[in-house]
Each structure stands twice: as C-alpha cells, then as structure tokens.
Amino acid sequence: MEMKILKEGSGEIFCKNTPAEVRKWTRENKSRALKDKRMRLKDAVKKFIKDGDYLAIGGFGHIRVPMATIYEIVRQKIKDLSVAGHTAVQDIDVLMAGGCVKNVDIAYVVGFELRGLSGVQRRLFENGQVKKTDYTNGAMSYRLRAGAQGIPFIPVKVMLGTDTMMHSPGKVVKCPFTGEKVLLLPSLNPDVCIIHAHRADMYGNVQIDGHIVKDDLQARASKRVIVTCEELVDTEVIRADPGKTVIPFYMVDAVTEHPWGSHPGNMPYKYYFDHEFTEDYLAAGRNKDPKVLKNWLDEWIYNINDFYEYLEKLGARRLYTLRDVEFLRPPVRGS
Amino acid sequence: MEMKILKEGSGEIFCKNTPAEVRKWTRENKSRALKDKRMRLKDAVKKFIKDGDYLAIGGFGHIRVPMATIYEIVRQKIKDLSVAGHTAVQDIDVLMAGGCVKNVDIAYVVGFELRGLSGVQRRLFENGQVKKTDYTNGAMSYRLRAGAQGIPFIPVKVMLGTDTMMHSPGKVVKCPFTGEKVLLLPSLNPDVCIIHAHRADMYGNVQIDGHIVKDDLQARASKRVIVTCEELVDTEVIRADPGKTVIPFYMVDAVTEHPWGSHPGNMPYKYYFDHEFTEDYLAAGRNKDPKVLKNWLDEWIYNINDFYEYLEKLGARRLYTLRDVEFLRPPVRGS
Amino acid sequence: MSVKNYTLRELMACVAAKQLEDEKAVAVGTGLPLVATMLAQQTHAPNLLIIFEAGGIAPQLPTLPISVGDSRTIHKALCTTTLIDIMDTIRRGYVDYAFLGGAQIDKYGNLNSTMIGDNYEKPKVRFPGSGGANDFGSLAWETLIIMDRHGPRRFVEKVDFITTPGYLYGPGAREEEGLSENTGPSRVITDLCLFDFEPETKRMRLIACHPGITTEDVIKATGFEILIADEVGTTDPPTKEELRLLHEVIDPLGFVFKK
Amino acid sequence: MSVKNYTLRELMACVAAKQLEDEKAVAVGTGLPLVATMLAQQTHAPNLLIIFEAGGIAPQLPTLPISVGDSRTIHKALCTTTLIDIMDTIRRGYVDYAFLGGAQIDKYGNLNSTMIGDNYEKPKVRFPGSGGANDFGSLAWETLIIMDRHGPRRFVEKVDFITTPGYLYGPGAREEEGLSENTGPSRVITDLCLFDFEPETKRMRLIACHPGITTEDVIKATGFEILIADEVGTTDPPTKEELRLLHEVIDPLGFVFKK
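Residue numbers (the working numbering), protein chains in the order written: chain A, 1 to 335; chain B, 1001 to 1335; chain C, 2001 to 2259; chain D, 3001 to 3259.
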C-alpha cells in the first residue's frame, strides 16, 4: 500500500535542522545540571546567536515580545537571520530595519494590526531583498509541535486548497487509516528562540502568567533558548508552584532580568502598550527619507549601550503610566 | 512521489470514531453556552455512558483516578466497554471485575506496580475473554494528541522494530522530507472520558494541581467528558487564575463534587493512597474462590447506593489519616 | 449616499453583530469584527463564547483590545492557553464562526490578504499574509467576512492570491481539497450591502442593501457577476442604543471609530 | 552464595546507582531502579536530574514513591507537566538514561514485559505490557536494565514478545527499523553480575560478577551464549553508608527492601 503525494507546494524550507540532528546536538550541548545561567544580555546574544541562525521570537505580535533581546541583536548587527514570522510585528520590523534578516517564514508580518502596514517590511519584501515562504499561524505552531515532539513532519487540516499551501513546502497525501486528505508539513527546530517571561530562576525555570501563545512549543523545539524576565526569583518560588513552569531549566541557555523587557509591547498583568512609541517608530519606518529611520535606530539602539539606558530615556513616569493603563485605572503620576 | 507502507501491525482499532465524525458530532451535541452542568454522578453516568462505549480514564495508575465514577459505572452494570489502558491499575481492574469491559487498548494494565499482578485481569486476558491491542503509554498519548488536534493519524518514533508495534495497528513509512522511518498511529477519539480534578465550577471549567498526566489531551479528544472534583468552586475562582484551567467548560458535560473521589488512589496535595484498601481488593481478586471478589464488589459497590455511603463505610478517621500521610506528618487522629 | 446619524462603519458593525447567534462560539481578531462581536454580546447574544487566537477564552472584555492577543483578551478569562490549543479547538468543531477580512475577495468568497500583483517574489504590495485567517477559514464552521471599501478592485473575478479558502473553485471544491465538510463562508458584510452564498453554486448572492443603496450600486461596485436573491432586503440602520454601546462601552477611545 | 551483611537486592541497587553519572538526566519508574537513582543522587551524583513518566521533573524526593506518578514524584518539583511532554523531552535528546526491567531478556537486550507463551490471544501469563518502557527504551540515549532472579527462564535465546527494543536482531537493526542512532541498552544489572554490550556485535557481555559469583555461575544461569570481557571484575559490596541511606533515608517503610 502506498500514500501518494497528490500535490505539493514550492516553498523553500529555511530552517535546515532536523529533529534527528537536533536531538544529537542536544545530547552534546545542553547541560542537564542546575547551573547558574544568569548573564548580561549582551553576552547571551553574543554567545548564542550567530549570523545565519534561524530565530523564533516569543509572545504574539505586540504582546510579551522579547524586545530587549531584539534591540540587542540589532545593536550587535547580527546578519542573515531567518525568522519565524509567527505573528511578528514590531519585533521583526526592528530586526528588518536593522538589516539582520535574510529569510522569513511568514504567517503574519508586515502588518501592525489596526495601525496599518510597515514601510520597512513592504520595501524589503516588495523588492525581493528578503526571501519568504508562506504559512499560517496554525501551521507554524504545528511545525513547532512536530519539532518539539522530535518527529520530522506533522499532518494538518489547514492551508489545503490555497495559494498559501502552494507557496509552502507542504505535501498533500491521503490518510492510510481513513482515506481523508491531509497536508504534511515539515517540523521546525529553530537554532535559537528568545522569550520574555514574567519570572525565572537563575537556572532557567521559566513561568509565564496569562496566555502562553507558542512559547512552550518554541522552547521545546529550539536548540538554544535565551530568556529575559520581568523578575528573577528564588528557586523556592518555582518549587512552590511547579505547575506554572512552562519551560524547565535544561532547555534554557541564558537568563537575564529585564523589567519592562517587552516595551513598547504589552506585558499582561504588568504594563500595556506604549502606543505613541510604536506610532513614532512606524512613522519613521514609513518616511521616504531613510535618514528618519536611521535616526530612530541611532537614538534608541545604536547610540545607547543597553536596555537600561533605553529605559532611562523613556523615564519612570512614562513607564509607570503604562502600568496604570494595563490595570484600567486613571494614570496619576506625580506628587 | 510515494510514501510506501513498509510494515504494518495487525492490531485491531477498537475506537471507531474519526476526527472528522467527532467534529461533526461536536457541532450538534456540545453546548457552547455557560450552562449549569452539576448533576448527580448516577445521572451523569446514566446519561452519558452507554454500553459499548470507548472509555478513557483520567489520572495515572493510582493517582488522581476518578474512582467514584468507576464505581458508579460498575454499579450501573454498563457492558462491553472498550477502555484505554493508558496506565490503568485499580480503575480498570474494578471495571473488569464488574464485567464491564470487552476490549482494552493496553499500554499498562494487569499490574499493580510494586504490588504485583492482578488476578482478575490475568484470568480475563489469559483465557481471551477480553480482547486487546498493544501500544505504549507514549503511543496512547500521541494518539490522543492526534484526536485532540483533529487529525486522523500522527507520526511517532516509538514502538519501531518491536512486537508491540506488530500487535498495534501502526504503519511504518518514510518521511517525505527527511527520508527517516516513522510509525504512523491512528488518532484516538474516545466516546467518553472521566476525570477527577481538584476543582471545577458549575459550568465545567476544570483546574488540576500538580501533574496533568494526560487529562488535558483526553478531554480535548473525547466526545463526552464527565468530571468529578474535590471542590466545586465559584466561577470567580476560575477567572482569578485562568492559566490553571486545564479543561474549558464547553468540553465538559457533567460536573459533580466528590471529595475523596480518587480513593483508594492518591490525590496530590490532598490525600495519599489507602494502601491497605488496595491490598485487600487485590487479594480478593486473586482469591481462587470467586465468591471472595463477589463479596468485595457487593460490599463496596453493589450493596451501597453511592460514593457517600462508601465514604461513610470508610469513616472520617481513616480518610483524614490519608491526608496526614500525604503531607508526610505523623497521623494523630483522635481527641 | 444618504446616510444619517450614523457612519457606514457603524452600520457594518451592527449588521455584522446580527449574524451571530447567542450560545454559539466565535473566533475573532480585532478591529471591526471584534466590535461587532462585542456588540452582539452586549445586545442579543449575552451567552456568545468569544475565543481569541493567541489563547484567551471567554474573557470579560473591559474595553476593545487593540491587538489580537493583548491583555484585554484575557481579562478575567475562563481559560488562558496557547495558539495551537485554540486551533485544535476550532478543528474539533467547537467554533461556529470565524470573523475575517481581506484585501481582495472573489465570487466564491476566497480571500487574499497576502499580496497584490502576479509575481510572488516581487509583489506590488505585500500584505501581512494569513496570520490565523486561513486556519480560521479552514476549520471554523462558518466564516463571516467583513469588507469595507466595496469596489471592483477589492471584489474581483480572481484574487491575486488565495490566502484563505472560500469555496475555492466551486461546489465540492473544499471537500475535494481535504477541507472539512459543511464549512465555508456564509456572509459577506460590506459598506454597501450584505451577501450570502447561494447553496447550489456557492456563489456570492446579494440578500440586502444598506439604506440608500440600490442593487445597481452593488453590481457596479463588484468586479464579478453577483447572484441576486429573489427579494433583496434593506439592512436595519443602527439604533440609538447600538450607537451608544459602540461609542461609550465598546470603543470609547475611538480605535475603530476614529473621533 | 556467601553474601554477608547485605542482601542481593541491596547490592544490585548499589551497583545500579554507580552506572549513573552526575549532571545527567534519568527517566525512571519506581522500585529498584528508583532506589538506585535516589542512592546515586544521595552519593556521587547530587546534580542528577530525575524525570518521571507521569510528569514530575526534578522533585525533591522526600521518600520513595510507591507508584510511578504519586505525590512524592512531584514533591517540590521544578516543573509538573504531562506524560506526553516527558516523552517529547526524551525524544528531543535531553534524557541520558532510562531505567527498565522486564520478565525476559535476550542477548541483544530486548525486553519482554508483555506475555509468556506463543499465543498472543491466549498467553500463558499476561504481564502489564509496555507502559512507558518501550518509549523510554526507544527514545533515551542509554537504557539501563535491572533484572533480578537471573536464570535461564528469564535470560532466554529469544523472548516470547519484544516489548521494548534492545538491539533487536543485531548491529544496525535499531537504525534500520527507524529508531534513533546511538541509542540502546548499555548495562544489565542482575543479582549475579553486571553486563555491558559488546560494541561490534551488540551482544550482552559479562564485565563483572558480584562477590562470590563466578563466571561459570553466570553462564549456567543464562539461557543464551554470553560474551565475556577480557577481564571480568568484581562489583563492590555496599558500604555501610550506602546501606544506611537505603534503609533510613530512601526506603524507611520497606517497600522495596521488605522488612
């Protein structure tokens, strides 16, 4: 008996890692011991992200995005990244503005949701400077599930019949048990995944409040995991509520405490979007004069040393007002 | 291009539901509204479990098992069940002692772990009275994951090369992306799943403390979900910690508060095993005189009305001593 | 067009809201579809289950979320989970409606939110892509579509890219390609009118015009041949109470209804 | 046999414990393998990561769990999760050792925990089946096997049923069948001796006898032809400290070491 491949897409697979290789790599490169993994974000990015890596970003769009790490990647001018555009908004936009990106697996990029389209990304995709393969958000999560499970492909019931499928690497077959058509997608095992969480201990046990989106899968599927967190906590805090641990320590390579690390994104139960900041950035990217974007990047990334300087530029009043907005209370900041 | 089926097992698929049918059934039979689903366990079992159904049981072995529901199924003399033996110990043993079981998907049954083998199950399996197909615990969870995902099969990297595979319905193929061999297993969508949880609200939002084992997958894969819980809580309790909700209300058909509902099993953070009770039961099942087992069933199931009478027979002192053991403290019960 | 006391976007929100039955489940993004969903919940469908792609289930929405997964989408939710769990849930048959939009649509309700142009490598305009739209449109029972700026460049004979499946190339096509039975687009709400899909041909059919709009207006604005119901109705204009809810309760900051 | 001051089960636990390196991860059930694991953690391997099939990760084990997923296996754990997450974790390469036993074993380390007899429908004895054993033995890097009652009915030329894969039918067989490279059984600890697997043939090889046991004793007790290392050593008898830990700390209630 045979499962005939009835149709297949032409999309390029940008991430070349296979579960079998990643498994082997894991044996040799990931410590199973409780080791102190705290380090400066600068050092973590230098150590664990290389030119040409495939990068997966935590959170969703503007929510719980690891912006401190994104800025650091841009600051270090890492090149030729392939990126999982699994609803990626300002995160991927800043990476692309910084010239770090070569290929994108697109589920949702280019758009800033209600705020409209990105000038930066339109330019880069429309002139073919950045290559792409199209998927869906479900498809990207399913690929990560396969990667996390260590299987080389996964059947799905989305994308069938569409151009989205024809521009993906998916293959249509019939189920050998029921005869129904399914789409097979290749697993996704990113080289590195960056996550911003509510809390972690120094070993890298990570807890997230609210929706997990896809961070659990990404951490499981990826080779390297770099974590920033709002709060670094004692391991006893983790042991007191182990059901909340979304990512266990042995998957994690680096941990850095970075309060406000999702700014200008929204950190549930902590702070809401910095709407103005995003609008300003978006306007810079849309400006026909490339100097305007360059100035933005200089001001907020290149000409500052790290994320703490960024926070100082923003100022405490502005930041804590975002907390008021998050908690739906009138912002009263000043004595 | 083709994916050739290189090898296949001869195991029978006992659960005939396919994801496509279950999906359709769900549209017509599951309410998406917040409805009060509290009912007597007796009524829940009568209403939602039918002769010949495929049953999935929550928890693991002796841990967080829905014993109150198991006893009620036996009391109602439901027949010809197929059961997922995804590490099933006293739960499936009582069902088989009560003559409720026709087929078993075996990952782990017959054994009582350190306590040795079950007399009841050995008799029924060794004389061929109960039919079986062999799997592994991983395989059963993977089948449930496929059922929960609504795909008809899933590739796995277990069982390959073994007789376990040859007595399953698995099919070996090569991955069309990497060329490596994988085993395809059919999805599992049980007719009904029974779960014992720490807390639930009247709509069926379910929270579990500690390890979830496979209850999340089971609830998602099954058509009907019957929940007993240690504590019925106000919905505000659920809304205050929604990340803890393992099963959302629309998957659940019935909710009953049944403190001690896992007895003689272990309910993490609540009470430890009733070791003596299990040993007594096991001895009855091993006894060559079938009357001994019959007497046990009469005493603890048939001749009592419900689980509250069972608790009264056990007595408060015995029950609360199990709480002491759970918390590793010396049992001091008496004034 | 002689609209009074209300804008076309307000009208679209009210018409869209009426498509949602109580005690059903809807998977929704943000913008006008979410406004319509919140309005339905505030009016005739208090027991409508709202599910968000990023993992929020049945929140008590305090105000309009401005991003698909922001804090508002999990405010006092009954469950917060993962994106894949939401997709699995839709696939399992629990979700009645998906609410979508797009840059282009054709007569079978196929949606393009990927690109304009005929060169995939160098599109004239690159849009965001599917996001969860293809998933929702593949897996939910009914797809409700909202399209503003109804005109022949958006309502086209052939979309430049099928991002999300409508009825693809006609009756039976979804099933032939492996999509679930009895699914597909059921309504298209535009700033001119309301369409359904004729059951035999699966082609878009005009069933109601907005007040002041004629069938001829719709035909002119549509780049493909539409079917026309035997009786074309007129949609109800927004009530005062609906307008109050839209502006005071749902979108007080004016994200969707700019002030 | 001239054992003194310790039982064979105690000796097996101590020998098994020594197979576990510090800073590695082990997936383990209950019984003797767990006793050995806890002993390793209490002695030379304090930073050994323990993972339980039912979902407990890195607990601070207060005392011996008596069931594979009981409360003790999640006591002050770093993470509590699901069975499938544990299996995925092993498959992803994070777990160095799986600790297994069985009713029968053959020269390639294939394990039978399913049945005795040649009729699957009506076995002479039906055992529990795989449980997580096949998963562990398929996915973990090394499989450590503990077999008590070493004798020709348990160490057989051909097991009645391959529940869990050893090296199947010889070198390359695991890879040929689709199992991961560089995996398979590495040690067999019995109540007579310690085996490894000869790298070229993948056949069981005697590397050490317990005190008082001879190579001849082992040959006689084994139903297949064993390979014998150039130098067959003698295992270390338990120290006083090891015995104290076993009885006072690990198994004070005597579940494994019956009192």
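The C-beta atom is built at its ideal place from N, Cα and C for all residues, glycine as well.
Please read these numbers as outputs of a predicted model, since none were measured by experiment.
Which listed residue (the options) has its alpha carbon closest to that of residue i
{"i": "Asn-305 (chain A)", "options": "A:Val-173, A:Asn-103 and A:Lys-42", "result": "A:Lys-42"}
{"i": "Pro-3237 (chain D)", "options": "D:Lys-3202, D:Leu-3227 and D:Leu-3192", "result": "D:Leu-3192"}
{"i": "Ile-3213 (chain D)", "options": "D:Phe-3052, D:Met-3204, D:Gly-3233 and D:Leu-3227", "result": "D:Gly-3233"}
{"i": "Leu-1161 (chain B)", "options": "D:Arg-3126, D:Cys-3209, D:Tyr-3108 and D:Glu-3142", "result": "For clarity, residue 1161 (chain B) is Gly in the given sequence; the question names Leu instead. Nearest option by C-alpha distance: D:Tyr-3108."}
{"i": "Met-1166 (chain B)", "options": "B:Met-1001, B:Cys-1175 and B:Leu-1185", "result": "B:Leu-1185"}
{"i": "Leu-3111 (chain D)", "options": "D:Ile-3050, D:Tyr-3006, D:Cys-3014 and D:Arg-3153", "result": "D:Arg-3153"}
{"i": "Gly-1059 (chain B)", "options": "D:Ala-3229, D:Ser-3071, D:Met-3087 and D:Glu-3181", "result": "D:Ser-3071"}
{"i": "Cys-15 (chain A)", "options": "A:Val-45, A:Arg-318, A:Ser-187 and A:Ile-5", "result": "A:Ser-187"}
{"i": "Ile-78 (chain A)", "options": "A:Gly-99, A:Pro-66 and A:Gly-85", "result": "A:Gly-99"}
{"i": "Trp-1300 (chain B)", "options": "B:Val-1045, B:Val-1109, B:Tyr-1310 and B:Gly-1061", "result": "B:Tyr-1310"}
{"i": "Tyr-1071 (chain B)", "options": "B:Pro-1264, B:Asn-1287, B:Val-1332 and B:Asp-1280", "result": "B:Pro-1264"}
{"i": "Asp-324 (chain A)", "options": "A:Thr-278, A:Asp-51 and A:Tyr-272", "result": "A:Tyr-272"}
{"i": "Asn-2119 (chain C)", "options": "A:Lys-132, A:Leu-297 and A:Thr-26", "result": "A:Lys-132"}
{"i": "Asn-3134 (chain D)", "options": "D:Met-3147, D:Lys-3018, D:Thr-3114 and D:Arg-3149", "result": "D:Thr-3114"}
{"i": "Lys-214 (chain A)", "options": "A:Ala-33, A:Lys-157 and A:Ala-146", "result": "A:Ala-146"}
{"i": "Ala-44 (chain A)", "options": "A:Arg-115, A:Tyr-54 and A:Ala-68", "result": "A:Ala-68"}
Residues of its chain near residue i, where Cβ-Cβ distance is below 7 Å and the 5 sequence neighbours each way are ignored
{"i": "Tyr-3094 (chain D)", "result": "Ala-3025"}
{"i": "Ile-3066 (chain D)", "result": "Thr-3030 and Phe-3255"}
{"i": "Asp-253 (chain A)", "result": "Lys-37, Phe-48, Arg-224, Val-225 and Ile-226"}
{"i": "Gly-150 (chain A)", "result": "Pro-19 and Arg-23"}
{"i": "Pro-1259 (chain B)", "result": "Glu-1230"}
{"i": "Asp-2251 (chain C)", "result": "Val-2035, Leu-2064 and Phe-2257"}
{"i": "Leu-3020 (chain D)", "result": "Val-3026, Thr-3037, Ala-3040, Ala-3045, Leu-3048 and Tyr-3097"}
Identity of the residues DSSP links to residue i by a beta bridge
{"i": "Ser-82 (chain A)", "result": "A:Tyr-54 and A:Asn-103"}
{"i": "Ile-2228 (chain C)", "result": "C:Leu-2206"}
{"i": "Pro-152 (chain A)", "result": "Pro-152 (chain A) pairs with nothing; no bridge assigned."}
{"i": "Gly-2233 (chain C)", "result": "C:Ala-2208"}
{"i": "Gln-3104 (chain D)", "result": "D:Asn-3112"}
Chain-ordered chain D contacts of residue i [CB-CB under 7 Å]
{"i": "Lys-30 (chain A)", "result": "Tyr-3094"}
{"i": "Lys-1214 (chain B)", "result": "Thr-3082, Leu-3083 and Ile-3084"}
Contact list for residue i against chain C, beta-carbon separation under 7 Å
{"i": "Ala-107 (chain A)", "result": "Gly-2129, Ser-2130 and Gly-2131"}
Same chain, Cβ closer than 6 Å to residue i, neighbours up to 5 away in sequence not counted
{"i": "Leu-1124 (chain B)", "result": "Met-1096 and Val-1130"}
{"i": "Pro-3171 (chain D)", "result": "Lys-3202"}
{"i": "Arg-38 (chain A)", "result": "Met-202 and Val-255"}
{"i": "Val-120 (chain A)", "result": "Asp-93, Met-96, Ala-97 and Gly-285"}
{"i": "Ser-2186 (chain C)", "result": "Glu-2142"}
{"i": "Gln-3041 (chain D)", "result": "Leu-3048"}
{"i": "Val-1089 (chain B)", "result": "Gly-1061, His-1062 and Phe-1112"}
{"i": "Val-2003 (chain C)", "result": "Its pLDDT being 44, under 50, Val-2003 (chain C) is placed unreliably in this model, and the value from its coordinates should be taken loosely. Cβ neighbours of Val-2003 (chain C) beyond the five flanking positions: none."}
{"i": "Met-3001 (chain D)", "result": "Any answer about Met-3001 (chain D) is weak, because its pLDDT of 40 lies below 50 and its placement is not dependable; what the coordinates show is given next. Gly-3212, listed in sequence order."}
Within chain B, the residues that residue i reaches when beta carbons sit closer than 9 Å
{"i": "Asp-3230 (chain D)", "result": "Correct list: empty, because the minimum Cβ distance to chain B is about 31 Å."}
Proximal chain B residues relative to residue i, where beta-carbon distance stays under 7 Å
{"i": "Met-1 (chain A)", "result": "Ile-1005"}
{"i": "Val-237 (chain A)", "result": "In chain order: nothing, as chain B lies at least about 16 Å away."}
Within chain D, the residues that residue i reaches when beta carbons sit closer than 8 Å
{"i": "Asn-205 (chain A)", "result": "Leu-3078 and Cys-3079"}
{"i": "Phe-112 (chain A)", "result": "Under the 8 Å cutoff, chain D gives no residues; its nearest Cβ is about 34 Å from Phe-112 (chain A)."}
Under 7 Å by beta carbon: chain A residues contacting residue i
{"i": "Tyr-2120 (chain C)", "result": "His-167"}
Beta-carbon neighbours of residue i, restricted to chain C and to distances below 8 Å
{"i": "Ser-141 (chain A)", "result": "Thr-2082, Leu-2083, Ile-2084 and Met-2087"}
{"i": "Ile-63 (chain A)", "result": "Ala-2054, Ser-2067, Gly-2069, Asp-2070 and Ser-2071"}
Partners in chain D for residue i, counting only beta-carbon separations shorter than 9 Å
{"i": "Arg-38 (chain A)", "result": "Ordered by position in chain D, no residue passes the 9 Å Cβ test against Arg-38 (chain A), which lies about 17 Å from the chain."}
Chain G residues whose Cβ lies nearer than 8 Å to that of residue i
{"i": "Glu-2023 (chain C)", "result": "Any reference to chain G falls outside this structure, whose protein chains are A, B, C and D."}
**Report entry** Contact between the segment 1193 to 1212 of chain B and the segment 1009 to 1025 of chain B (3+ Cβ pairs under 8 Å)
**Finding:** no
Query raised in the report: Would you call the segment 3154 to 3161 of chain D and the segment 1137 to 1150 of chain B in contact, with 3 or more CB pairs under 8 Å?
Result: no
Query raised in the report: Are the segment 3082 to 3090 of chain D and the segment 3043 to 3063 of chain D touching by the rule of at least three beta carbon pairs closer than 8 Å?
Result: yes
Query - the segment 2003 to 2020 of chain C in contact with the segment 2181 to 2199 of chain C per 3-pair CB rule at 8 Å - result: yes
Query raised in the report: Is the segment 50 to 65 of chain A touching the segment 3208 to 3222 of chain D in the sense that three or more CB pairs, one from each, lie closer than 8 Å?
Result: no
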